[in-house]
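**Student:**
Residue numbers (the numbering used here), protein chains in the order written: chain A, 14 to 229; chain B, -17 to 81.
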């Protein structure tokens, strides 16, 4: 037990208090490499959509001299499947790097802070997903990409209260990008690739540089 | 001159009690296992200090169940919050006084 006759004791006490407050209320094991991996999968997904799925679709146009309803229906289904696959791959990669970082730090991945982070991220994401599925139900696909970006940005801003605060700026960028996308609805795929691919990679590298470089 | 040490609270001399209060101040409710995990202490050790804090009226205990397992959660009381912030203020004054 300390007697508190030393100023260093008081300083150490305050440092301990601050660290415990921080560690018990925020999940800080989120790895920057998770962002980079998610970004790479997003770019790969966008490339597949642009150069394989759309190419097949336009080839069909040349043969028949018009888009058939079935060709369009197939394209939509393929895009939806691709999006689901990209999301799953990005999520697993993000999970892997964060798991690796937290086990290096000796903290557990499933604790009150990570649960709170998941829940607060999930609310805007789930609302966004249902909203987008609703738009597809009415065949309005024009705002799918902007809606993805905006809801994802809102989820990040909300999540920033429970993890590294830097993620808030990624959230702002996604929201702004989504709003700009509203004016160029035909270019959704490119905005999508910038928002989910390029921004994730930039964010991931800068986070890795800021927090993990020394440890690696 | 007033002795700056008088503002310090004896209860928070102990690192574990200090830690428990730090965690409870920023979290509404925390259960025993999560406290144990965050402070890296043994069951018995943590339990003793929690009883001490409870007897001082600084924390309140809520005994609940998740299925058949007991789930005891802890939260800070009004007087605990005041005692702890007073203690931090005293610590800060001490550091300022030295400079």
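By construction, the Cβ of each residue, glycine as well, lies at the ideal position given by its N, Cα and C atoms.
Every value quoted in this text rests on a predicted model; they were computed, and no experiment measured them.
In whole angstroms, what separates the C-alpha of residue 197 of chain A from that of residue 64 of chain B?
**Tutor:** 55 Å
**Student:** Is residue 77 of chain B close to chain A, meaning its C-beta is less than 8 Å from at least one C-beta of that chain?
**Tutor:** Residue 77 of chain B has a beta carbon lying within less than 8 Å of a beta carbon in chain A.
**Student:** Taking 8 Å as the CB-CB limit, is residue -9 of chain B close to chain A?
**Tutor:** no
**Student:** Indicate whether residue 39 of chain A and residue 175 of chain A have their beta-carbon atoms separated by less than 8 Å.
**Tutor:** If you check the CB distance, residue 39 of chain A and residue 175 of chain A come in under 8 Å.
**Student:** Which residues in the same chain have their Cβ closer than 8 Å to the Cβ of residue 207 of chain A, if we skip the five residues on either side of it in sequence?
**Tutor:** 190
**Student:** At 9 Å on the CB atoms, spell out the chain A contacts of residue 41 of chain B, in chain order.
**Tutor:** By Cβ distance, chain A contributes nothing, its closest Cβ being about 15 Å from residue 41 of chain B, past 9 Å.
**Student:** Work out the CA separation of residue 18 of chain B and residue -10 of chain B for me, nearest whole Å.
**Tutor:** Answer to the nearest angstrom: the Cα atoms are 25 Å apart.
**Student:** How should residue 26 of chain A be labelled, buried or exposed, when 16 other C-beta atoms within 10 angstroms of its C-beta is the threshold for buried?
**Tutor:** buried
**Student:** Flag residue 207 of chain A as yes if its beta-carbon sits less than 8 Å from any beta-carbon of chain B, otherwise no.
**Tutor:** no
**Student:** Measure the alpha-carbon distance for residue 188 of chain A versus residue 134 of chain A and round it to whole angstroms.
**Tutor:** 15 Å
**Student:** Less than 7 Å between C-beta atoms, sequence neighbours within five positions excluded: which residues of the same chain meet that for residue 180 of chain A?
**Tutor:** 169, 172 and 173
**Student:** Which residue from A/114, A/142, A/178 and A/65 puts its Cα closest to that of residue 97 of chain A?
**Tutor:** A/142
**Student:** Give me whichever residues DSSP pairs with residue 41 of chain B in a beta bridge.
**Tutor:** B/58
**Student:** Could you spell out the range, first to last residue, of the alpha helix (DSSP H) harbouring residue 226 of chain A?
**Tutor:** Element bounds for residue 226 of chain A: n/a, residue is neither H nor E.
**Student:** Taking contact to mean at least 3 C-beta pairs separated by less than 8 Å, is the segment 22 to 30 of chain B in contact with the segment 58 to 72 of chain B?
**Tutor:** no
**Student:** List, in order along the chain, the chain A residues whose C-beta lies closer than 9 Å to that of residue 4 of chain B?
**Tutor:** 29, 30, 31, 32, 33, 34 and 37
**Student:** Closer than 9 Å by beta-carbon distance: list the chain A residues that pair up with residue 16 of chain B, in chain order.
**Tutor:** 37, 124 and 125
**Student:** Residue 94 of chain A: buried (16+ other C-beta within 10 angstroms of its C-beta) or exposed?
**Tutor:** exposed
**Student:** Nearest-angstrom Cα distance between residue 119 of chain A and residue 68 of chain A?
**Tutor:** Their Cα atoms are separated by approximately 48 Å.
**Student:** Could you confirm whether any beta carbon from chain A is found closer than 8 Å to the beta carbon of residue 33 of chain B?
**Tutor:** no
**Student:** Flag residue 14 of chain B as yes when its Cβ comes closer than 7 Å to any non-hydrogen atom of the ligand GDP, and as no otherwise.
**Tutor:** As presented, the structure is devoid of all ligands, the ligand GDP included, so that no description of it is given.
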